[in-house]
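Numbers given in the working numbering equal positions in the sequence shown, counted from 1, plus 530.
Ideal Cβ positions, reconstructed from N, Cα and C, are used throughout, including at glycine.
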Amino acid sequence: MGRSIVITSGKGGTGKSMFAANIGALLAMRGNRVVLVDTDMGLRNLDLYLGLENRVVYNTMDVLSGVCRIQQALVKDKRFKCLYLMAAAPSKDDRDITPLHMVVLVEKLKEMFDYVIIDSAAGIGDELVLAAAGADQAVIITEAENASIRDADSVDRELTKMGITKRCCVLNKVNAELMAVGAVPSLADISRELRIKINGIIQYDNNVFIATNKGVPIVLKVGTYIEKNFSKILDRILADGENG
Ligand SMILES: Nc1ncnc2c1ncn2[C@@H]1O[C@H](COP(=O)(O)OP(=O)(O)OP(=O)(O)O)[C@@H](O)[C@H]1O
Ligand SMILES: [Mg+2]
């Protein structure tokens with residue numbers, strides 16, 4: 531039985547989809563069977579970040595509403611032995627989907643895959659409830675910025691209410707120089723503000739920005755500081771999932 535991990539945030543644009551694409555790629559590079567499920571209906575990006583946008587036919591909403599079977603909505607990434615994408619719907623639609631539908635989908639995916647990585651929409655609304663409904667574990671992506679941190683804490687509280695006990699956060703787009711001169715919250719400040727553990731720090735790096743634009747997970751550049759950093763963060767997240 532596989533494990534499901536939802537990637538979420540309070541504020542938009544913190545790097546959820548970028549992070550989901552890269553940990554999905556890393557897990558696949560390690561020989562795991564992985565599916566990335568995009569639940570950001572109407573604002574999908576994961577297909578672009580993986581360079582799979584031209585191959586999407588059916589989407590997560592089609593599966594949830596019974597329009598197609600799971601297999602029909604899985605797009606294989608040819609660069610990996612077993613990495614699949616289930617894209618989000620291109621527009622927001624009001625088909626009558628409940629969190630229970632998502633729980634059932636994730637359970638089925640966990641029978642087929644070692645890891646089910648769910649990319650969520652930003653915020654604490656119904657979308658979060660849907661995205662996190664079947665998750666065993668949650669990773670909150672936040673920037674080292676007061677508004678983003680406060681919103682991350684709000685998401686953390688919602689996830690707690692949903693009964694997700696394995697939660698951690700990853701700081702993204704960190705500018706070490708600004709942090710060093712005290713222009714943005716320090717790691718100590720952020721740790722005080724959030725109740726969950728910081729499992730990783732990712733610097734702002736133009737190479738990350740370029741990679742998402744080119745549709746290539748940056749971790750494919752094996753041996754770079756970025757790939758090594760992502761790998762360590764992934765190890766910590768997996769260890770948390772096991773220890774619980
Ligand atoms: N560490 C980083 N360094 C530079 N650019 C980054 C970094 N992380 C993410 N980005 C860029 O920030 C933008 C937003 O990232 P992404 O789409 O992953 O965020 P998101 O949280 O999924 O957004 P949304 O809330 O809209 O779903 C993208 O252009 C991405 O390339
Ligand atoms: Mg996104």
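Within the continuous alpha helix (DSSP H) that includes residue i, where are the two ends?
{"i": "leucine 776", "result": "Examination of residue 776 is not possible in this model, given that the chain is present from 531 through 774 alone."}
{"i": "aspartate 570", "result": "Neither: aspartate 570 is in no alpha helix (DSSP H) and is coded neither H nor E."}
{"i": "lysine 762", "result": "755–773"}
{"i": "lysine 691", "result": "676–691"}
{"i": "aspartate 656", "result": "656–662"}
{"i": "isoleucine 627", "result": "Isoleucine 627 -> no alpha helix (DSSP H), and no H or E assigned at all."}
{"i": "valine 593", "result": "590–594"}
{"i": "leucine 557", "result": "546–559"}
Consider the C-beta atom of residue i and the heavy atoms of ligand 2; say whether any pair is separated by less than 6 Å.
{"i": "aspartate 570", "result": "yes"}
{"i": "alanine 546", "result": "Alanine is not the amino acid found at residue 546; the sequence shown has lysine there. True, at least one ligand heavy atom lies under 6 Å from that Cβ."}
{"i": "asparagine 773", "result": "no"}
{"i": "asparagine 589", "result": "no"}
{"i": "asparagine 702", "result": "no"}
{"i": "asparagine 575", "result": "yes"}
Any heavy atom of ligand 1 closer than 6 Å to the CB of residue i?
{"i": "methionine 616", "result": "no"}
{"i": "lysine 622", "result": "no"}
{"i": "isoleucine 732", "result": "yes"}
{"i": "phenylalanine 760", "result": "no"}
{"i": "lysine 744", "result": "no"}
{"i": "phenylalanine 739", "result": "yes"}
{"i": "alanine 652", "result": "yes"}
{"i": "lysine 751", "result": "no"}
{"i": "glycine 540", "result": "no"}
{"i": "glycine 543", "result": "yes"}
{"i": "valine 686", "result": "Checking the displayed sequence, the identity of residue 686 turns out to be aspartate instead of valine. Checking every heavy atom of ligand 1 against the Cβ of aspartate 686, none is found closer than 6 Å."}
{"i": "aspartate 735", "result": "yes"}
In the DSSP assignment, what residue or residues form a beta bridge with residue i?
{"i": "serine 534", "result": "Val646"}
{"i": "arginine 697", "result": "Ala668"}
{"i": "lysine 727", "result": "Cys698"}
{"i": "glutamine 733", "result": "Val704"}
{"i": "glutamate 500", "result": "Outside the displayed range of the chain (531 to 774) lies residue 500, so it cannot be described from this structure."}
{"i": "valine 605", "result": "Leu615"}
{"i": "valine 564", "result": "Leu613 and Tyr645"}
Within the continuous beta strand (DSSP E) that includes residue i, where are the two ends?
{"i": "leucine 615", "result": "613–616"}
Taking residue i and residue j to be in contact with their CB atoms under 8 Å, please state how far apart those CB atoms are, rounded to whole angstroms.
{"i": "glutamine 733", "j": "alanine 713", "result": "With a Cβ gap of about 15 Å, glutamine 733 and alanine 713 do not count as contacting."}
{"i": "valine 749", "j": "alanine 555", "result": "5 Å"}
{"i": "methionine 559", "j": "phenylalanine 610", "result": "7 Å"}
{"i": "serine 534", "j": "alanine 665", "result": "5 Å"}
{"i": "lysine 638", "j": "isoleucine 694", "result": "The pair is not a contact, with the Cβ atoms about 20 Å apart (cut-off 8 Å)."}
{"i": "cysteine 698", "j": "aspartate 765", "result": "The Cβ separation is near 12 Å, so there is no contact."}
{"i": "threonine 754", "j": "aspartate 649", "result": "Actually they are not in contact, since the Cβ atoms of threonine 754 and aspartate 649 sit about 23 Å apart, beyond 8 Å."}
{"i": "alanine 677", "j": "lysine 541", "result": "6 Å"}
Can you find a C-beta in chain C that's less than 7 Å from the C-beta of residue i?
{"i": "tyrosine 645", "result": "Among the chains in the structure shown there is no chain C, since it carries only a single protein chain."}
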